[in-house]
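Participant:
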Amino acid sequence: MPKRVSADRFTAGVCRLPGVLAVEAASTRSFSRHTHDQFGIGVVLRGAQDSASGRGQVRAVPGDLITVNPNEVHDGRPVAGEPRAWRMLYFDPALIARLSVEMGRSPGGEFAHPVLDHGPATQVFMRLYAALTGPAQEPWQEIAEQELFQILAPLWGDTPPPQEGSSSKGIARAKVRIDASPEIPVTLAELAADAGLSRYHFLRAFKAATDLPPHAYRLQRQLQMARRLIFSGHSLAQATTMAGFADQSHLTRHFVQTYGLTPGSLATAIRVGA
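For what it's worth, UniProt numbering labels the leading residue of the sequence shown as 1, then goes sequentially.
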């Protein structure tokens, strides 16, 4: 867990990814015009907020993404004085600049939208926040970087550049590699290099081909492998290790999310039915 300090109903935590600060708040406070020296990306959880900046006067409601650019003068006020709650991630400009260059964009770009109603991007943000602030689960850094690439694209507000060259063969190789050995960790950088693409363009092409980012695709293959091992009579400890999960709690959490029952329940049902 990140180190946390709390003040005035706000909770701030230094994330495990260098250059990122997490803030969670619930407040009726109005904020006068001010600036941050970081990029900010967040989501409104409850209530609503009005704010004004050089990008205009906007209102954010639950589910909306909210953004701030470095040194952008802005304020914030609760609607009708009612409390609102939100989560924010603040990123060092150097980190965003590095990622934007890898995406084929200028390192000096700014977020176009102070508020964005974009359901898929909001879901990506919530996964990113969890990866950076929740219990550490490998491969958290791979997950965080892939979610970051996915959320940045709609925030720039422009048309993404075309993919580099022909990617179909490279994506096919990546799928074969993961399918053959899902228990073996593989990084986005390794897969992208093998496909001859940047990490961002590989991520886009892979998701277009499979409807999943690489880390989620590998996780599904790991779960399928664990289930096959349980069906074939392996113990839960063996299935956990052989499928490449960090521990049984890691396997159980994802197993329940995917199949609706625990690995232990499946093993028991198999024994009873044998």
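C-beta: ideal position from N, C-alpha, C; glycine also.
Computed from a prediction, not measured in an experiment: that's the story for all the values here.
#1: Would Leu155 pass as a contact of Leu17 if the rule is Cβ separation under 8 Å?
#2: Compare the C-alpha of Thr67 against each of Leu223, Ala94, Gln38 and Ala80 and name the closest.
#3: Excluding the five sequence neighbours on either side, which residues of its own chain have a C-beta within less than 8 Å of the C-beta of Gly157, listed in chain order?
#4: For Ser168, is the classification buried or exposed, using 16 other Cβ atoms within 10 angstroms of its Cβ as the cut-off for buried?
#5: What alpha helix (DSSP H) runs, 4 residues minimum, are completely inside the region 85-140?
#6: Do Leu99 and Leu152 have their beta-carbon atoms positioned less than 8 Å apart in this structure?
#7: Count the other CB atoms, across all protein chains shown, that sit within 10 Å of the CB of Pro162; report buried if there are 16 or more and exposed otherwise.
#8: Take Arg84 as the anchor and find which of Gly63, Ala237 and Leu21 has the nearest alpha-carbon.
#9: Is it buried or exposed for Thr159, if we count other Cβ within 10 angstroms and need 16 for buried?
#10: State the Cα-Cα distance for the pair Asp247 and Leu89, rounded to the nearest angstrom.
#11: Name the one or two DSSP bridge partners that Pro78 has.
#12: In terms of residues, what are the limits of the beta strand (DSSP E) holding Thr67?
#13: Measuring alpha carbon to alpha carbon, tell me which residue in Leu236, Gly244, Thr187 and Leu223 is nearest Gly260.
#14: Please tell me whether Ile41 and Phe149 are closer than 8 Å, where the distance is taken between their beta carbons.
#15: Determine the DSSP secondary structure at Gln38, reduced to helix, strand or coil.
#16: Can you tell me whether Gly13 is helix, strand or coil according to DSSP?
Facilitator: Result, derived from the coordinates:
#1: No. Outside cutoff.
#2: Residue Gln38 is the option with its Cα nearest to Thr67.
#3: Here the set comprises Phe111, Ala112 and His113.
#4: With fewer than 16 other beta carbons inside 10 angstroms of its own, Ser168 counts as exposed.
#5: Runs found: 93-102 and 119-133.
#6: Yes, the pair counts as a contact, with Cβ atoms nearer than the cut-off.
#7: Here the model assigns Pro162 a pLDDT of 48, short of 50, so the residue's position is not dependable, and the following value carries that caveat. Its Cβ having fewer than 16 others within 10 Å, Pro162 is exposed.
#8: Residue Gly63 is the option with its Cα nearest to Arg84.
#9: At Thr159 the pLDDT is 49, less than 50, meaning the model places this residue with poor confidence; the figure from the coordinates comes in the next sentence. Its Cβ having fewer than 16 others within 10 Å, Thr159 is exposed.
#10: Going by the C-alpha atoms only, they are around 29 Å apart.
#11: Paired residues: Gln49.
#12: First-last of the beta strand (DSSP E) with Thr67: Leu65 to Val68.
#13: Checking every option, the nearest Cα to that of Gly260 belongs to Leu223.
#14: Taking a C-beta distance under 8 Å as the contact criterion, Ile41 and Phe149 do not qualify as a contact pair.
#15: Gln38 falls in the coil class under three-state DSSP.
#16: In this structure, Gly13 counts as strand in the three-state DSSP scheme.
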